[in-house]
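Engineer:
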Amino acid sequence: MLDKLKQLGELKRMRDQAVRIQKQLAAEKIEFEEDGVKVIISGDQKIQLLEIEGEDHADLAQILNRALKKSQEVAARKVQEVSGGLSGLLGQ
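Just so you know, we're using this note's numbering here: the sequence shown kicks off at 176 and counts up by one.
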């Protein structure tokens, strides 16, 4: 019983830490400009601004954000499949 409570406490601590890191990443802003294209992206990989030749392309930024989210979901599923398989092999 104590082991289960200890595991739950550790899980909560890890989750809280992940939430803090996620908030810190969201607050980071990376600006990149090249050949008339300017992009501002947050540390959590969300496009905040997309300008081409000084013209704002918010619609294109939204589409790219949706595509990025979908690719992240696919990657997360693959990682879960692999880690789930490893857990089974390790008897966990």
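Note that the Cβ used here is the ideal one computed from N, Cα and C, for glycine as well.
Secondary structure at Asp231, three-state DSSP: helix, strand or coil?
Structural biologist: If DSSP states are grouped into helix, strand and coil, Asp231 belongs with the strands.
Engineer: So, for Val212: in the same chain, excluding its five sequence neighbours on each side, which residues have a beta-carbon less than 6 Å away from its beta-carbon?
Structural biologist: Hits under 6 Å: Ile227.
Engineer: Using the C-alpha atoms, what's the distance from Val194 back to Gly229?
Structural biologist: Taking the straight line from one Cα to the other gives about 35 Å.
Engineer: Please look up how many angstroms separate the CB atoms of Asn240 and Ile215, rounded, as I've assumed it's under 8 Å.
Structural biologist: In fact, because the Cβ distance is near 12 Å, the residues do not count as touching under 8 Å.
Engineer: Going straight from the alpha carbon of Gly259 to that of Val249, what length do you get?
Structural biologist: Near 15 Å, if we compare the C-alpha coordinates of Val249 and Gly259.
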